[in-house]
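Participant:
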Amino acid sequence: DSLIVWENLLVTRYVLRSSSSDEKRVIHLRPEEERDRSHFLDPETQTEMEMEESQLLLDWLALNYRSFGAVLEIVTDRSQEGSQFVRGFGGIGGILRYQVDFQHMAGGDLDFDEDFDLDDY
40 DSLIVWENLL VTRYVLRSSS SDEKRVIHLR PEEERDRSHF LDPETQTEME
90 MEESQLLLDW LALNYRSFGA VLEIVTDRSQ EGSQFVRGFG GIGGILRYQV
140 DFQHMAGGDL DFDEDFDLDD Y
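Going left to right, the sequence shown walks through residues 40 to 160 as this note's numbering numbers them.
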């Protein structure tokens, strides 16, 4: 499993704690979203939550990616592929692997057309 992150990703990870219930909430905001203070309000009481931690998401990922069993790939937007990644995916993405046993899923009772040949594709 790989995490792919743009080197200039401007997303901040906040850990917020509700003063009424001690419940913690993690949110990720871009700079323009940080101006909207409603993100920092407790949804139940509408009071401002206490900020326990604030860190750039890229920095947090760099410190914690191993605990998820992932590989962290940091990309630049100076290449054609990197620029396309940033524009297309917003600067963050992942490649996840989930092993699938197609033989088991099919159960052996597939009804393929006799003229259908995967080698033609």
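A virtual CB, placed ideally from N, CA and C, is assigned to each residue, including glycine.
Taking Asn47 as the reference, which of Arg117, Leu102 and Gly133 has the closest Cα?
Facilitator: To locate residue 47, count along the sequence shown from 1; it is residue 8. Minimum Cα distance to Asn47 is reached at Arg117.
Participant: Considering Gln94, what are the terminal residues of the alpha helix (DSSP H) in which it resides?
Facilitator: For this step, residue 94 is matched to residue 55 along the sequence shown. Per DSSP, Gln94 belongs to no alpha helix (DSSP H); it is in the beta strand (DSSP E), Glu89 to Leu95.
Participant: Looking only at C-alpha atoms, which of Ser41, Phe79, Gln123 and Gln85 sits nearest to Arg52?
Facilitator: Here residue 52 is taken as the residue at index 13 of the sequence shown, counted from 1. Comparing Cα-Cα distances from Arg52 to each of Ser41, Phe79, Gln123 and Gln85, the minimum goes to Phe79.
Participant: Any idea what DSSP makes of Val139, helix, strand or coil?
Facilitator: The count along the sequence shown starts at 1 and reaches residue 139 at position 100. It is coil, neither helix nor strand.
Participant: Could you tell me if the beta carbon of Ser60 falls within a distance shorter than 7 Å of some heavy atom in the ligand HEM?
Facilitator: The ligand HEM is absent from the structure shown, which contains no ligand whatsoever.
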